[in-house]
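Numbering (the working numbering), first residue to last: 10 to 149. Think of the CB as a built atom: it goes at the ideal place given N, C-alpha and C, for glycine as much as any other residue. For reference, the structure is listed below as structure tokens.
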Amino acid sequence: MKSEFALLLFHTYLLINIMSYIIYYCYSEKRIRKQDAFILMAHFRSGTRNPDGTWSYSLQSCIEQFSEAFPDVNIEYDAFKKHRLRLIARYENKHCICKGKSTSRPTVLTEEVVNDIQQRIQQSPKKSIPQLSAQTGTIK
């Protein structure tokens, strides 16, 4: 049981790191605004795992993190909430928060892709996240 939890925690950590890499790759390619990348990362940082295995995310924590990072930006609660939900939906559908043309990436992180990532980690546990992302097709 303890090793299963450790493995689940490791896989969650790995997937969040791959997601972070994808977001910052899009930002470095000038496809997205720095604030949008920050909002999505703050959203996932605010996540807590519930006893039933689902995740909950705190809008208030996201707003507080954003206010600290961008003190000169005035935040309207409803507009921020809608924009955050739009970014999350865009990320879940395209694995990118870029606007415009769709990438050639898969539209969802399927069980097959997760299994492929797990298998590659077991074969080469010291492989870097960028190499792993490129090999699994989660980023070009």
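Can you tell me which of the three DSSP states residue i falls into?
i: Thr119; result: coil
i: Arg42; result: coil
i: Lys136; result: coil
i: His92; result: helix
i: Lys149; result: Confidence at Lys149 is low in this model, with a pLDDT of 49, below 50, so its placement is unreliable and no value can be given for it.
Tell me, to the nearest whole angstrom, how far the beta carbon of residue i is from that of residue j; I am working on the premise that it is less than 8 Å.
i: Ala98; j: Phe47; result: In fact, because the Cβ distance is near 17 Å, the residues do not count as touching under 8 Å.
i: His52; j: Cys71; result: 5 Å
i: Leu49; j: Leu96; result: 5 Å
Where does the unbroken beta strand (DSSP E) through residue i begin, and where does it stop?
i: Thr57; result: 56-58
Taking only heavy atoms of the ligand HEM into account, decide whether any of them is closer than 7 Å to the Cβ of residue i.
i: Gln44; result: Summarising the ligand content, the structure contains no ligands, and the ligand HEM is consequently not present.
Item to check | Those runs of the alpha helix (DSSP H) which lie wholly inside the segment 53-87 and span at least 4 residues | outcome: 68-78
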